[in-house]
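Okay, so the sequence shown: first residue is 62 according to our numbering, each after it adds one.
Input: a single structure, listed below in structure tokens.
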Amino acid sequence: MTSRTSSFFGWHVVAATFLLAMFGWGVGFYGPPIYLQMVVQRTGWPVALVSAAVTLHFLIGAVVVANLPRLYRHWGVPVTTLAGAVVLAIGVGGWSLASQPWHLFAAAFLSGTGWVAMGAAAVNAIVAPWFVRRRPAALSMAYNGASVGGVVFSPLWVVLIAWSGFSQAAIIVGISMIATVAALSVLVFSKSPEALGQSPDGARSNHVETVAASSPAPSLPRSLLWRDRRFITLSAGMAAGLFAQIGLLAHLFSIVVPIFGAEGAGVLMGGATVAAITGRTGMGWFMPASADRRLIASASYGVQIIGSLTLLATGGEHAAAIIAGVLLFGLGIGNATSLPPLIAQVEFDKADVSRVVPLIVALSQATYALAPALFGIVRTLSEPAVFIVAAAIQVFAVAAFLYGRNK
């Protein structure tokens, strides 16, 4: 391998993490709502009970992802990633076979443990060593695998389950996922820039580009990190933004069904996913290296706030306005995941970034695990209030990002 951009191995890493994210989100993020329906349908258990297992899935994942750097140090990225795929596959198999509630919660423990090794923090950890200046573009492409995972796996699960049953579908998807991740781990994730004699971004070894932090950022002891304004506001902004986003999306389909019908609502939600890919890709490729990334994140949430308020103003009528509101909201969906790691890149010492990103992802996941339930309570009181609450929480997210800016 040479260090020429044309043969730079980093772009192979991006393609591999795209596939990893597609399986990770397709099985571990978009899958649980389908598993819930299948378990309730097969067992007759209360929805509240099965929903609690979904919440456990995300909460245990938050604990594991916070410790992901430690797992990488002990086992390495390839082994940790493959182990995550295996544990996730076993967990999903457990969802399909559970005959007692404790079986279900054990399965949720396993699936939640495994999927985060293929989630947001994992994607950032795998891509980061290969890119510095071009990291926004690289991460946007890799994270788009998450959105594609929703597009591909949501209908795929339904088709496979209808064709062969839940347990057989879990076996098919699980084996495919393990085989794919095993190949990626051996062929791609086992490589490093140093081992291949390459430099970040494919630059020549004597001309490595860097992105300077917006202010001096010495490495922080763990105890001081939790008192650092940048870390606290970045965590709060990401957690609040994802809480509002996931809470609203959990109910948006059923809210628009009366206007568009089930098929039309499905197409509209697909449009939101396309908007998410568009927004994330555009931000990754066209954001200047010197841009204030907190301002960019605030602007992205601002577009989503406009989308929420547009949906509120429609009053459940005016199809064109509803479409506009959903697409505006969709434009920021991808950026809510990809921009916080990029903010961390320029605000923290390189040694701290590997700790900061898993921690902010963990805090966000622990928070948004409760979002669908809270938005469900709000919706029972007043359906329009769902949009008001989403906009208000995202205003808080914007305030957190802006308050954390260096002055």
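For each residue, glycine too, the CB sits at the ideal point set by N, CA and C.
No experiment lies behind these values; they were computed from the predicted model shown.
Using a Cβ-Cβ cutoff of less than 7 Å, which residues in the same chain neighbour Ala230 once the five nearest sequence positions on both sides are dropped?
For the purposes of this step, residue 230 is identified with residue 169 of the sequence shown, where counting begins at 1. Contacts found: Trp218, Leu221, Ile222.
Is the beta carbon of Gly85 sitting closer than 9 Å to the one on Ala186?
As a position in the sequence shown, residue 85 is number 24, starting the count at 1. As a position in the sequence shown, residue 186 is number 125, starting the count at 1. No, these two residues do not count as a Cβ contact at 9 Å.
I need the straight-line Cα distance from Ile438 to Gln365, nearest angstrom please.
Numbered from 1 along the sequence shown, position 377 holds the residue referred to as residue 438. Numbered from 1 along the sequence shown, position 304 holds the residue referred to as residue 365. Distance between the alpha carbons of Ile438 and Gln365: 22 Å.
Out of Tyr464, Val75, Phe448, Gly302, state which residue places its alpha-carbon closest to the alpha-carbon of Phe250.
For the purposes of this step, residue 250 is taken as residue 189 along the sequence shown, with counting starting at 1. Nearest of Tyr464, Val75, Phe448, Gly302 to Phe250, Cα basis: Val75.
Would a C-beta distance cut-off of 9 Å place Gly393 and Gly340 closer than the cut-off?
Start at 1 with the first residue of the sequence shown, and residue 393 comes out as number 332. Start at 1 with the first residue of the sequence shown, and residue 340 comes out as number 279. With contacts defined as CB atoms closer than 9 Å, Gly393 and Gly340 qualify as a contacting pair.
Do you know how far the Cα of Trp191 is from the Cα of Val269?
Position 208 of the sequence shown holds residue 269. Position 130 of the sequence shown holds residue 191. Annotation note: pLDDT 48 at Val269 (below 50); position unreliable, no value reported.
Using 8 Å as the Cβ pair cut-off and three pairs as the minimum, do the stretch 119-128 and the stretch 420-429 touch?
Counting Cβ pairs under 8 Å, three or more are found: they touch.
Inter-residue Cα distance where the pair is Gly180 and Ala82:
For the purposes of this step, residue 180 is taken as residue 119 along the sequence shown, with counting starting at 1. For the purposes of this step, residue 82 is taken as residue 21 along the sequence shown, with counting starting at 1. Roughly 6 Å between the two C-alpha positions.
Can you tell me whether Met179 is helix, strand or coil according to DSSP?
Residue numbering aside, residue 179 sits at position 118 when the sequence shown is read from its first letter. It is helical.
Out of Gly175, Thr142, His135, point me to the one whose CA is closest to Gly154's CA.
Counting from 1 along the sequence shown, the entry for residue 154 is found at position 93. Relative to the Cα of Gly154, the nearest Cα in the group Gly175, Thr142, His135 belongs to Gly175.
Option in Met299, Leu313, Ala326 with minimal Cα separation from Ser399
As a working note, residue 399 is residue 338 in the sequence shown. Measuring from the Cα of Ser399, the nearest candidate turns out to be Met299.
Separation of Asp289 from Val234, as counted between CA atoms
Within the sequence shown, the letter at position 173 stands for residue 234. Within the sequence shown, the letter at position 228 stands for residue 289. If you draw a straight line from the Cα of Val234 to the Cα of Asp289, it is about 42 Å long.
Backbone secondary structure at Met348 - three-state DSSP:
Within the sequence shown, numbered from 1, the residue matching residue 348 stands at position 287. Coil at Met348, not helix or strand.
Kindly indicate which three-state DSSP category Leu424 falls into: helix, strand or coil?
Locating residue 424 in the sequence shown gives position 363, counting from the first residue. Helix.
Through-space distance from Arg416 to Ile303, alpha-carbon basis:
Taking the sequence shown and counting its residues from 1, one reaches residue 303 at position 242. Taking the sequence shown and counting its residues from 1, one reaches residue 416 at position 355. According to the sequence as given, residue 303 is Leu; it is not Ile. Whole-angstrom Cα-Cα distance: 20 Å.
Using three-state DSSP, classify Lys252 as helix, strand or coil.
Taking the first residue of the sequence shown as position 1, residue 252 is located at position 191. Three-state result, Lys252: coil.
Would DSSP call Ile394 helix, strand or coil?
Within the sequence shown, numbered from 1, the residue matching residue 394 stands at position 333. DSSP places Ile394 in coil when its eight states are reduced to three.
As a quick exercise: from Pro402, Ala423, Val422, Leu424, pick the residue whose alpha carbon is nearest that of Val414.
By 1-based counting over the sequence shown, the position of residue 414 is 353. Between Val414 and the set Pro402, Ala423, Val422, Leu424, the nearest pair of CA atoms involves Pro402.
Contacts around Tyr96, its chain only, beta-carbon distance under 6 Å, and the 5 residues preceding and following it disregarded
For this step, residue 96 is matched to residue 35 along the sequence shown. So the list reads Trp156, once near-sequence residues are dropped.
Since Val247 is in the alpha helix (DSSP H), which residue starts that stretch and which ends it?
On the sequence shown, position 186 is the one that residue 247 refers to. For Val247, there is no enclosing alpha helix (DSSP H), as DSSP marks it with neither H nor E.
Could you check what DSSP says for Ala123 in three-state terms: helix, strand or coil?
The residue given as residue 123 occupies position 62 in the sequence shown. Ala123 falls in the helix class under three-state DSSP.
Coarse secondary structure for Ser443, derived from DSSP in three states
Along the sequence shown, one-based indexing puts residue 443 at 382. Three-state DSSP puts Ser443 in coil, outside helix and strand.
Backbone CA spacing between Ile138 and Val188 [nearest angstrom]
Along the sequence shown, one-based indexing puts residue 138 at 77. Along the sequence shown, one-based indexing puts residue 188 at 127. The sequence shown places Val at residue 138, rather than the Ile named in the question. So the two alpha carbons sit approximately 11 Å from each other.
Alpha carbons only, please: which of Ser215, Thr294, Glu255, Leu388 is nearest the one belonging to Asn467?
Numbered from 1 along the sequence shown, position 406 holds the residue referred to as residue 467. Ranking Ser215, Thr294, Glu255, Leu388 by CA distance to the CA of Asn467 puts Thr294 first.
Out of Val111, Val148, Ala123, which one is the CA nearest neighbour of Phe166?
Sequence index remark: in the sequence shown, residue 166 carries index 105 (1-based). The shortest C-alpha separation from Phe166 is found at Val111.
Looking at Gly391 and Ile320, is the spacing between their C-beta atoms short of 9 Å?
As a first step, residue 320 is located in the sequence shown; it is residue number 259 there, counting from the start. As a first step, residue 391 is located in the sequence shown; it is residue number 330 there, counting from the start. No. Outside cutoff.
Helix, strand or coil at Ser160 according to DSSP, with G and I counted as helix
Start at 1 with the first residue of the sequence shown, and residue 160 comes out as number 99. Here Ser160 sits in coil by DSSP.
How long is the line joining the alpha carbons of Arg194 and Gly395, rounded to whole angstroms?
One-based indexing of the sequence shown puts residue 194 at position 133. One-based indexing of the sequence shown puts residue 395 at position 334. The straight-line gap from Cα to Cα measures roughly 20 Å.
Within the continuous alpha helix (DSSP H) that includes His379, where are the two ends?
Residue 379 sits at position 318 when you count from the first residue of the sequence shown. It is not in any alpha helix (DSSP H) - His379 carries neither H nor E in the DSSP assignment.
Euclidean distance between Cα positions of Phe214 and Ser237
Counted from its first residue, the sequence shown places residue 214 at position 153. Counted from its first residue, the sequence shown places residue 237 at position 176. The straight-line gap from Cα to Cα measures roughly 13 Å.
Considering only the beta carbon of each residue, do Gly145 and Ala178 sit closer than 9 Å?
Locating residue 145 in the sequence shown gives position 84, counting from the first residue. Locating residue 178 in the sequence shown gives position 117, counting from the first residue. Taking 9 Å as the Cβ cut-off, Gly145 and Ala178 qualify as a contacting pair.
Sequence-distant residues of the same chain with beta carbon closer than 7 Å to Phe292, five excluded per side
For the purposes of this step, residue 292 is taken as residue 231 along the sequence shown, with counting starting at 1. Answer for Phe292: Leu286, Val417, listed in chain order.
Cα-Cα separation, Gly87 to Val447:
Numbered from its first residue, the sequence shown carries residue 87 at position 26. Numbered from its first residue, the sequence shown carries residue 447 at position 386. Answer to the nearest angstrom: the Cα atoms are 26 Å apart.
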